[in-house]
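Position 41 of the sequence shown, counted from 1, bears residue number 41 in the UniProt record's numbering, the numbering being contiguous throughout. In this text, a Cβ means the ideal position worked out from N, Cα and C, and glycines have one as well. This report refers to the structure that appears directly beneath it.
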Amino acid sequence: MNHKYPYHLSKRQAGLSLVELMIGLTLGLILLLGVIQVFIASKQTFATNDAMSKLQENGRFGLEFISQSARLGGYLSPGAPLDRPLPIEKEGCGVGDSSNNPCAVNGSGSNSDVVSFTFEPPIIDGVKRDCAGATVPDNNLVTNTYFILEPDANNPLPALACKSFNRTTASVLTSQQRLIDGIDALQVQYGVDTAGDSKSVNQFVSSDRVTNWTKVIAVRIALLANSVDVLNPAPPQRNFYLLDGAPLSFNDGRARQVFTTTIQFKNNY
Numbered sequence: 001m002n003h004k005y006p007y008h009l010s011k012r013q014a015g016l017s018l019v020e021l022m023i024g025l026t027l028g029l030i031l032l033l034g035v036i037q038v039f040i041a042s043k044q045t046f047a048t049n050d051a052m053s054k055l056q057e058n059g060r061f062g063l064e065f066i067s068q069s070a071r072l073g074g075y076l077s078p079g080a081p082l083d084r085p086l087p088i089e090k091e092g093c094g095v096g097d098s099s100n101n102p103c104a105v106n107g108s109g110s111n112s113d114v115v116s117f118t119f120e121p122p123i124i125d126g127v128k129r130d131c132a133g134a135t136v137p138d139n140n141l142v143t144n145t146y147f148i149l150e151p152d153a154n155n156p157l158p159a160l161a162c163k164s165f166n167r168t169t170a171s172v173l174t175s176q177q178r179l180i181d182g183i184d185a186l187q188v189q190y191g192v193d194t195a196g197d198s199k200s201v202n203q204f205v206s207s208d209r210v211t212n213w214t215k216v217i218a219v220r221i222a223l224l225a226n227s228v229d230v231l232n233p234a235p236p237q238r239n240f241y242l243l244d245g246a247p248l249s250f251n252d253g254r255a256r257q258v259f260t261t262t263i264q265f266k267n268n269y
């Protein structure tokens, strides 16, 4: 008696053909490429947002450091046995020396300016301090000077820096203190009252154009901050204008932004 196997057992098991396998691999590669592109785009977006956050923080904190001293310019505590100083130091102020000169400087071309404010520090946390946190004795005037510190072997980026001078004893309090990295430039203009109204600025000029420093009643400050980190893709190259300084241009892949503020002195003559 002949026994025949059922039809479905007599056929060979069928697998994927080469064409089907190639199609499957191609679809898988397409999906993997899409996932990789999404990952790269997300990584670039995160890096860009992080760099822009650093830029914003650098600019805002830089202005705040300078503004704190500017608002105090000319301040004396009640009953202090001191003559009221000018809120802001002038060019050729006649104090300090070549290694620590707190006088105002107008940088030529696109070079940064130097600006200084003199006042009696208020008591904070029980002591009086200069721009770097060093203790200032009672009944002493301090001059806080702000400038741009150029890159060096240990610091590849420029920074906003300060130094402090004891105006009463003619001695150095802080010779140099880095405050914020990623600040490329500082420009300053001085608001002058030319009409006899001590509350109204008639024009803003650079320090070398101020003829009467008792008439300076406000200051305008501009900082150029960068993102510290290099962006990919790099931002387009462009010119940056800070007040009356010559334009600045960079090609290092970092984002930049100009930050400005204007402060009126409350303790001027």
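Here Leu-21 carries a helix assignment [DSSP, helix/strand/coil]. Setting aside the 5 residues that flank it on each side, Val-35 has no residue in the same chain whose C-beta is closer than 7 Å to its C-beta. By alpha-carbon distance to Asp-97, the top candidate from Arg-167, Gly-107, Pro-151 and Pro-137 is Arg-167. Ser-108 and Lys-163 have their C-alpha atoms spaced approximately 21 Å apart. Secondary structure of Ser-207 (DSSP, three-state): helix. Distance from the CA atom of Thr-211 to the CA atom of Val-205, rounded to whole angstroms, is 10 Å. Contact annotation: Ser-67 and Glu-120 have beta-carbon atoms that are not nearer than 8 Å. With respect to Ile-263, Ala-225 sits apart: the two C-beta atoms are not nearer than 8 Å. Nearest C-alpha to Ala-255 among Pro-233, Ile-88, Asn-111 and Pro-247: Pro-233.
Beta-bridge pairing by DSSP links Ala-222 to Gln-187 and Thr-260.
For Asp-181, the uninterrupted beta strand (DSSP E) run begins and ends at 171-181, by DSSP.
Bounds of the beta strand (DSSP E) holding Cys-162 are 159-166. By the neighbour-count criterion, in which 16 or more other beta carbons inside 10 Å mark a residue as buried, Asn-106 falls on the buried side. Take the alpha-carbon of Leu-72 and the one of Phe-165: they are about 15 Å apart. If you draw a straight line from the Cα of Leu-55 to the Cα of Val-142, it comes to about 30 Å. Pairing Ala-104 with Glu-91 gives a Cβ-Cβ distance under 8 Å. Per DSSP, the beta bridge partners of Ile-124 are Val-127. Residue range 142-149 is occupied by the beta strand (DSSP E) that includes Ile-148. About 35 Å separates the CB atoms of Asn-100 and Ser-53; that is not less than 8 Å, and the two are not in contact.
Between Ala-161 and Asn-154, the alpha-carbon positions lie close to 15 Å from each other.
Counted as a single uninterrupted DSSP element, the stretch harbouring Val-230 is not any beta strand (DSSP E), since DSSP gives it neither H nor E.
Beta-bridge partners assigned by DSSP to Asp-138: none are found. Out of Asp-184, Leu-186 and Arg-220, the CA that lies nearest to the CA of Val-201 is found in Arg-220.
Considering only Asp-138, Asp-130, Pro-151 and Val-136, the residue with the shortest C-alpha distance to Thr-145 is Asp-130. Gln-177 and Gly-133 have their C-alpha atoms some 10 Å from each other.
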